[in-house]
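The structure under discussion appears below in the form of structure tokens.
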Amino acid sequence: MPIFGKKKNEETEEGSALGKLLIGVVTTFFFGRISSFFAELLETAKDVTDEYIRRLVRSLTLAIAALTGVVFLLIGVAQYLSSLYRQPGSGEMIVGVTLLLISLVWFSIPGRK
Numbered sequence: 007m008p009i010f011g012k013k014k015n016e017e018t019e020e021g022s023a024l025g026k027l028l029i030g031v032v033t034t035f036f037f038g039r040i041s042s043f044f045a046e047l048l049e050t051a052k053d054v055t056d057e058y059i060r061r062l063v064r065s066l067t068l069a070i071a072a073l074t075g076v077v078f079l080l081i082g083v084a085q086y087l088s089s090l091y092r093q094p095g096s097g098e099m100i101v102g103v104t105l106l107l108i109s110l111v112w113f114s115i116p117g118r119k
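Per the working numbering, the sequence shown runs over residues 7 to 119.
Put into structure tokens, the structure is as follows:
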């Protein structure tokens, strides 16, 4: 056993223990930062998705309500025209042909896809 200092083997064990501790601290720090980054990223994605779904549901509800109103309006106009012309089915035919003509004109406009 040497008189002065430690054995070389003891120094390496202390150095490797210190190195392991340092590596553990550094990796814990970086993994903590990385995991918090991904947690924030997922939270942001969740918030954006929730807002998108909320807007989508609101828009679909409004579109369904508007479509229902248009259907009732067209049925009412068709019944009124049938009673006006005193021919059963004439109002439905007039409304149907009018909608068909509007659709044909709408889709025949160039540049619309």
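Glycine residues also receive a C-beta, built at the ideal position from the N, C-alpha and C atoms. This one's a predicted model, so the numbers in the text were calculated from it and none came from an experiment.
{"Item": "The region 82-90 contacting the region 64-73, beta-carbon criterion three pairs below 8 Å", "Value": "no"}
{"Item": "Cβ separation of residue 97 and residue 109, assumed to be a contact under 8 Å, to the nearest whole Å", "Value": "19 Å between Cβ atoms; not a contact."}
{"Item": "Bounding residues of the alpha helix (DSSP H) (the contiguous stretch that carries residue 97)", "Value": "96-114"}
{"Item": "Span separating the alpha-carbon of residue 100 from that of residue 58", "Value": "41 Å"}
{"Item": "Reduced DSSP secondary structure (H/G/I, E/B, other) of residue 39", "Value": "helix"}
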